[in-house]
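Asks: Sharing a structure below in structure tokens format, with a few things to ask.
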Amino acid sequence: MNYYVLTLFPEMIRQAVDTSILGRAIRSGRISVDTVNIRDFSVNKHNRVDDYPYGGGAGMVMEAEPVCRAVEAAEERIGKKSRVVYLTPQGRVLNQTIVEELAREENLILLCGHYEGIDERVLEQKVTDYLSIGDYVLTGGELGALVLIDAVSRFVPGVLSNEESSQFESLQDNLLEYPHYTRPEIWRGKCVPEILLSGDHRKIEAWRYEKSVERTRERRPDLLQHSYHVTGCWFGGDIQRRAACGLTDSVSRYGAYLDLDRKKLRKQGKVFGSRELLIFVLDPGAEIPEDGQPWRNLQGRNTPLVLAAGESAKGLPRMAEELAARGFAPIAVFENGCGAEKQAEQALEIRKKLEAFWRCQKEESL
Ligand code: 9D3
């Protein structure tokens with residue numbers, strides 16, 4: 180990932196990115212951070228880049244021309260079309276989904292404003308994304324750019340070591356992380372929860388999930404409104420099972436698995452709620468057993484659904500329709516493969532679709 184930061188204070192960017200994990204990532208060539216000093220593109224003999232606002236009012240406004248030339252300088256260095264992110268309190272608030280989406284870019288141009296803002300005309304011409312880092316007031320865009328660089332770089336392969344990278348992100352499932360403990364077992368009279376010493380991994384998992392939910396309810400009840408439970412199910416063989424489990428694990432820390440090939444399950448069926456997500460992987464070429472289709476006893480209650488199948492999938496849209504008639508809301512249908520290479524891409528797509536789904540639900544209920 181190559182970042183191009185356009186700013187009046189390049190040393191502020193350099194200071195931060197040459198340190199710690201980002202510094203290491205730069206030295207190993209996994210990321211690069213180029214700074215472009217907007218002042219170098221001043222069109223004024225006093226090197227000024229700001230002027231009074233038309234219409235009056237407080238503060239100064241950054242001129243369009245130097246900003247435009249700075250963007251073009253970055254575009255020339257890159258040599259192809261890339262996103263231009265303007266850090267501004269008026270942007271969409273950055274979140275983990277946006278971070279992961281940005282991490283898929285090869286180059287990012289980050290524009291940092293100062294003073295009251297930047298002449299609207301150059302923004303209209305050059306900016307592709309308006310992003311804020313939260314609802315509070317900063318003195319300029321540099322800290323926003325740094326926050327973005329830090330969060331995005333974690334998703335660049337090789338930036339985090341195995342130790343540092345967690346397979347599971349804290350915000351998966353929209354739940355906070357469970358509490359952590361290390362030695363000593365008793366510290367100033369306080370014990371480590373007994374269950375963590377039991378060695379019973381199923382129980383430990385269940386306890387951690389419970390703690391995650393409890394903690395989210397206490398500290399971030401707003402997140403809980405968007406929490407969901409993921410079930411990955413499959414119909415077919417090992418390939419489908421692996422795809423279903425892989426996809427489930429990449430969107431959820433606490434996902435469940437369901438083998439639709441099991442006769443018993445086909446008989447008893449299962450009803451999913453609206454706070455669940457069903458990921459359904461099948462091989463549409465597989466022989467469908469006489470006692471019905473694999474979805475025969477699956478029922479949704481407005482349950483978001485992801486359907487995926489192997490390369491030769493044909494009947495998928497029809498299956499999506501049938502499942503829709505059974506109470507599922509198809510949010511994504513992947514017809515062309517569900518291998519490991521595609522997994523990260525599909526997981527991100529699922530998360531984006533799911534967020535849109537929740538947004539829709541919320542609007543409908545208003
Ligand atoms: C004091 C000026 N404000 C008018 C009431 C508008 C204003 C302009 C520029 C407020 C802050 C800034 C500088 N902030 C950023 O450039 C910025 C920012 C932020 O302030 N909050 C959250 N995210 C970001 S990203 C860039």
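Be aware that the sequence shown starts at 180, since it is given in this note's numbering, and climbs by one per residue. We put the beta carbon where it would ideally sit given N, CA and C, even for glycine. Since we're looking at a predicted model, the values are computed, not measured.
Would you grab the beta carbon distance between Val278 and Val331 for me? Rounded to a whole angstrom, and I think it's under 8 Å.
Replies: As a first step, residue 278 must be located in the sequence shown, where it is residue number 99. As a first step, residue 331 must be located in the sequence shown, where it is residue number 152. Contact flag correct, Cβ pair sits at about 5 Å.
Asks: What residues in its chain sit with their C-beta under 7 Å from that of Lys493, if we drop five residues either side in the sequence?
Replies: The residue given as residue 493 occupies position 314 in the sequence shown. If we look at Lys493 and ignore the five residues flanking it on each side, its Cβ neighbours are Pro463.
Asks: Contact between the stretch 384-394 and the stretch 436-446 is defined here as three or more beta-carbon pairs at a separation below 8 Å; is this criterion met?
Replies: No, because fewer than three Cβ pairs between the stretch 384-394 and the stretch 436-446 fall closer than 8 Å, the two stretches do not touch.
Asks: Grab me the residues of Trp550's own chain with a C-beta within less than 6 Å of its C-beta, minus the 5 sequence neighbours each way, in chain order.
Replies: Since the first residue shown for the chain is 180 and the last is 545, residue 550 is missing from the structure and cannot be characterised.
Asks: Let me know the alpha helix (DSSP H) ranges lying completely inside the stretch 184-270, each 4 residues or longer, listed in chain order.
Replies: Counting whole runs of 4 or more residues, the stretch 184-270 contains the alpha helix (DSSP H) stretches 189-196, 199-206 and 243-257.
Asks: Are Glu384 and Asp298 touching if we call contact CB-CB under 8 Å?
Replies: Position 205 of the sequence shown, counted from the start, is the residue given in the question as residue 384. Position 119 of the sequence shown, counted from the start, is the residue given in the question as residue 298. Not a contact, by the Cβ cut-off of 8 Å.
Asks: Whole angstroms are fine: how far does the CA of Val272 sit from the CA of Ala195?
Replies: Stepping through the sequence shown from its first residue, residue 195 is reached at position 16. Stepping through the sequence shown from its first residue, residue 272 is reached at position 93. Rounded to whole angstroms, Ala195 to Val272 spans 22 Å at the Cα level.
Asks: Which of the three DSSP states is assigned to Ala282 in this structure?
Replies: Counting from 1 along the sequence shown, the entry for residue 282 is found at position 103. In this structure, Ala282 counts as coil in the three-state DSSP scheme.
Asks: Spatial neighbours of Phe536 within its chain, please: CB distance less than 8 Å, with the 5 preceding and 5 following residues excluded, ordered by chain position.
Replies: In the sequence shown, the residue the question calls residue 536 occupies position 357. For Phe536, where only same-chain residues beyond five positions count, the Cβ hits under 8 Å are Pro483, Ala508 and Ile510.
Asks: Considering only the alpha carbon of each residue, which of Arg398, Asp329 and Leu281 lies closest to Leu355?
Replies: Translated into the one-based positions of the sequence shown, residue 355 becomes position 176. Among Arg398, Asp329 and Leu281, the Cα nearest to that of Leu355 is on Arg398.
Asks: Bridge partners of Cys291, per DSSP?
Replies: Indexing the sequence shown from 1 puts residue 291 at position 112. In DSSP, Cys291 forms a bridge with Leu266.
Asks: So, is Gly415 buried or exposed, given that buried needs 16 or more other C-beta atoms within 10 angstroms?
Replies: Walking along the sequence shown from the start, residue 415 turns up at place 236. Buried, by the Cβ-count rule.
Asks: If we ignore side chains and look at the alpha-carbon of each, how far apart do Val240 and Glu455 end up?
Replies: On the sequence shown, position 61 is the one that residue 240 refers to. On the sequence shown, position 276 is the one that residue 455 refers to. If you take the alpha carbons of Val240 and Glu455, they lie about 48 Å apart.
Asks: Under 8 Å, do Gly238 and Glu295 count as touching if we go by C-beta distance?
Replies: Position 59 of the sequence shown, counted from the first residue, corresponds to residue 238. Position 116 of the sequence shown, counted from the first residue, corresponds to residue 295. Their beta carbons are under 8 Å apart, which means Gly238 touches Glu295 by this criterion.
Asks: Beta carbon of Ser211, beta carbon of Gln269: below 8 Å?
Replies: Locating residue 211 in the sequence shown gives position 32, where the first residue counts as 1. Locating residue 269 in the sequence shown gives position 90, where the first residue counts as 1. Against a cut-off of 8 Å, the Cβ pair of Gln269 and Ser211 comes out as no contact.
Asks: What is the residue span of the alpha helix (DSSP H) that Gln304 lies within?
Replies: Here residue 304 refers to the residue found at position 125 when the sequence shown is read from its first residue. Segment Glu299 to Lys305, the alpha helix (DSSP H) holding Gln304.
Asks: Kindly list the residues whose CB is nearer than 8 Å to the CB of Val215, restricted to its own chain and excluding five residues on each side of it in sequence; keep chain order.
Replies: Locating residue 215 in the sequence shown gives position 36, where the first residue counts as 1. Tyr183, Val184, Leu185, Thr186, Pro189, Ala249, Ala252 and Ala253, listed in sequence order.
Asks: From Phe451 to Gly479, what distance separates their C-alpha atoms?
Replies: The count along the sequence shown starts at 1 and reaches residue 451 at position 272. The count along the sequence shown starts at 1 and reaches residue 479 at position 300. Cα to Cα, Phe451 sits roughly 5 Å from Gly479.
Asks: Does the distance from the C-beta atom of Val306 to that of Cys247 stay below 8 Å?
Replies: For the purposes of this step, residue 306 is taken as residue 127 along the sequence shown, with counting starting at 1. For the purposes of this step, residue 247 is taken as residue 68 along the sequence shown, with counting starting at 1. Against a cut-off of 8 Å, the Cβ pair of Cys247 and Val306 comes out as no contact.
Asks: Look at the alpha carbon of Val512 and the alpha carbon of Ser406, and state the distance between them as a whole number of angstroms.
Replies: For the purposes of this step, residue 512 is identified with residue 333 of the sequence shown, where counting begins at 1. For the purposes of this step, residue 406 is identified with residue 227 of the sequence shown, where counting begins at 1. Roughly 22 Å separates the two Cα atoms.
Asks: Could you check what DSSP says for Val338 in three-state terms: helix, strand or coil?
Replies: The count along the sequence shown starts at 1 and reaches residue 338 at position 159. If DSSP states are grouped into helix, strand and coil, Val338 belongs with coil.
Asks: Anyone know if the C-beta pair for Val371 and Tyr360 falls short of 8 Å?
Replies: By one-based count along the sequence shown, residue 371 stands at place 192. By one-based count along the sequence shown, residue 360 stands at place 181. Their beta carbons are under 8 Å apart, which means Val371 touches Tyr360 by this criterion.
Asks: Output needed for Gly313: all residues of its chain with C-beta closer than 7 Å, excluding positions within five of it in sequence on either side, in chain order.
Replies: Your numbering for residue 313 matches position 134 in the sequence shown. Excluding positions up to five away in sequence, the list reads Val272.
Asks: Between Lys126 and Glu466, what straight-line distance do the alpha-carbon atoms span, to the nearest angstrom?
Replies: Here the chain comprises residues numbered 180 to 545, so residue 126 is not present and cannot be evaluated.
Asks: Under the criterion of a Cβ to heavy atom distance below 7 Å, does Pro400 qualify as lining the ligand 9D3?
Replies: Walking along the sequence shown from the start, residue 400 turns up at place 221. No - the ligand 9D3 has no heavy atom lying nearer than 7 Å to the Cβ of Pro400.
Asks: Using 7 Å as the cut-off, classify the Cβ of Ser377 as near or not near the heavy atoms of the ligand ZN, replying yes or no.
Replies: In the structure on display, the ligand ZN does not appear, and the ligands it does have are the ligand 9D3.
Asks: Exposed or buried, which one is Asp352 when buried takes at least 16 other CB atoms within 10 Å?
Replies: In the sequence shown, residue 352 corresponds to position 173, counting from 1. Buried: at least 16 other Cβ atoms inside 10 Å.
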